[in-house]
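Residue numbers (this note's numbering): 8 to 431.
Positions of the beta carbon are idealized from the N, C-alpha and C atoms, including for glycine.
Everything on this sheet refers to the single structure shown next.
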């Protein structure tokens, strides 16, 4: 885009402040200019290929190991950039699009179709795209399901911060039974032989991957016929999952399948219609399912981004391929930790180490604050960000979600080796 265009843009803002009545016409002209200029750059610029490469290189200068919101695939960001001002020749952005329009309906249906395909979701399950994040579902789950049985109680597996928060919230709406002995620290999953499941429970709840502590289930809990509910926010679509084993699955999109703003809920149809009378209507699964997630204005742009990410997952081999890559990436970091002679230490039991979130301390088992600060400073200088552990546990945490590449992980692995060599 040339200098005259930017001058026009500045002039437009100046005129907008004093001539609001003509703003619409000028804005439309500018929109056309932006679209025309962007398309002209793409098609006619003699170094268009170099231009595209520059954008990618510029983004790759920073590697985001954040726990969420997390890194998005490059192709998704570029596609969103390309379509930002003019989606599908509509002349408007998805950011401006009516959620009741046929254009958004196509986006919504495509996103749901991709999700059903990638997870092989059975026909007797509803898929919803809601707001409120995982924390909203901590309330929505008991409000919709705790009344399934007369005793109005639920079993909870508490293996980390997020399942603990969910259990505490559920106590507002019914009786909560923690099925295993209380843990001194969130570094393992209690053996199922120690669980005391209540056959009268309306559901059994667990968090499949604890983001803060790096604890992940590598099995599906056996509930003896009781409805199973899982928070899969931080490992959703990172591996195949048999949806039919669950009554309900929910996941915030901002880690593996999109940006912040949308939460996926997959629920078996026979579980709809049991909401308590206190349940707010926007949290009522039956209402949202009947309205195809459109009872209230949904997070349209977040759903659109999720659709692009799902398409990227599909084009890159689906959840099985993601699982292979995620095992490769996490093994790369765990191998360095385990062969560091104690310089790096991961507190999590090896049987339940997370492939998504790798927590570790530097210098010694309990961590050396000075060394960890140096580690983070050095990583930042190398373009690696968001490696600081959760404030409740400290240390370092590398989140290796789907969009984090093998090359990104290799960069971290190389730095870890260099840092150990320099400071051990």
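query, result
"By the DSSP assignment, the beta strand (DSSP E) with residue 366 in it spans what residues?", "364-369"
"According to the Cβ coordinates, are residue 122 and residue 279 closer than 9 Å?", "no"
"Given this structure, state the Cα-to-Cα distance separating residue 341 from residue 299, to the nearest angstrom.", "42 Å"
"Count the CB pairs spanning the segment 147-163 and the segment 180-200 that are closer than 8 Å, and state whether there are at least three.", "yes"
"So, are the CB atoms of residue 214 and residue 270 less than 9 Å apart?", "no"
"Under a Cβ-count criterion, where at least 16 other Cβ atoms within 10 Å of its own Cβ denotes burial, should residue 327 be classed as buried or exposed?", "exposed"
"Let me make sure I understand the geometry here. Which of 76, 252, 82, 221 has the alpha-carbon closest to that of residue 127?", "252"
"Anyone know if the C-beta pair for residue 399 and residue 361 falls short of 9 Å?", "no"
"Could you give the distance in angstroms between the alpha-carbon of residue 284 and the alpha-carbon of residue 237?", "24 Å"
"Please confirm if residue 149 has its CB atom under 9 Å from at least one CB of chain B.", "No chain B is present in this structure, which holds just one protein chain."
"With DSSP as the reference, label residue 360 as helix, strand or coil.", "strand"
"If we ignore side chains and look at the alpha-carbon of each, how far apart do residue 232 and residue 277 end up?", "14 Å"
"Would you report the Cα separation of residue 146 and residue 178, rounded to the nearest angstrom?", "10 Å"
"Classify residue 105 as buried or exposed, calling it buried when 16 or more other Cβ atoms lie within 10 Å of its own Cβ.", "exposed"
"If we ignore side chains and look at the alpha-carbon of each, how far apart do residue 8 and residue 84 end up?", "Its pLDDT being 49, under 50, residue 8 is placed unreliably by the model, and the measurement read from it follows with that caveat. Straight-line Cα distance between these residues: approximately 20 Å."
"Do residue 245 and residue 408 have their beta-carbon atoms positioned less than 9 Å apart in this structure?", "yes"
"The alpha helix (DSSP H) with residue 405 in it runs from where to where?", "Careful: residue 405 lies outside any alpha helix (DSSP H), inside the beta strand (DSSP E) at 403-406."
"Using 10 angstroms around the beta-carbon of residue 74, count the other beta-carbons present and answer buried if the total reaches 16, otherwise exposed.", "buried"
"Where do the ends of the beta strand (DSSP E) carrying residue 111 lie?", "From DSSP, residue 111 is part of no beta strand (DSSP E) but of the alpha helix (DSSP H) over 109-126."
"Put residue 322 into one of helix, strand or coil per three-state DSSP.", "helix"
"Anyone know if the C-beta pair for residue 250 and residue 137 falls short of 9 Å?", "no"
"Alpha carbon to alpha carbon, what distance is there between residue 311 and residue 86?", "11 Å"
"Within a Cβ cutoff of 6 Å, which residues of the same chain sit near residue 274, ignoring the five residues on either side of it in sequence?", "133, 255, 292"
"Using the C-alpha atoms, what's the distance from residue 225 back to residue 248?", "11 Å"
"Give the straight-line distance between the Cα atoms of residue 189 and residue 216, rounded to the nearest whole angstrom.", "18 Å"
"From residue 304 to residue 110, what distance separates their C-alpha atoms?", "15 Å"
"Just the Cα atoms here: how many angstroms apart are residue 19 and residue 387?", "Residue placement at residue 19 is poorly supported in this model, since its pLDDT is 49, which falls under 50; the coordinates are not used for a value here."
"Expressed to the nearest angstrom, what Euclidean distance is found between the alpha-carbon atoms of residue 45 and residue 196?", "Unreliable placement is indicated for residue 45, whose pLDDT of 47 sits below 50; the coordinate value is still reported in the next sentence. Using only the alpha carbons, I get a separation of about 52 Å."
"Under DSSP, the beta strand (DSSP E) around residue 158 begins and ends at which residues?", "Looking at the DSSP string, residue 158 is not in any beta strand (DSSP E), and its letter there is neither H nor E."
"Spatial neighbours of residue 82 within its chain, please: CB distance less than 7 Å, with the 5 preceding and 5 following residues excluded, ordered by chain position.", "319"
"In the structure shown, what three-state DSSP assignment does residue 51 receive?", "Unreliable placement is indicated for residue 51, whose pLDDT of 47 sits below 50; no coordinate value is reported for it."
"Can you grab the Cα-Cα spacing for the pair residue 395 / residue 96, in whole Å?", "43 Å"
"For a test of the three-state rule: what should DSSP assign to residue 177, helix, strand or coil?", "helix"
"Pick out whichever of 404, 173, 419 has its Cα sitting closest to the Cα of residue 257.", "173"
"Are the beta-carbon atoms belonging to residue 420 and residue 339 less than 9 Å from one another?", "yes"
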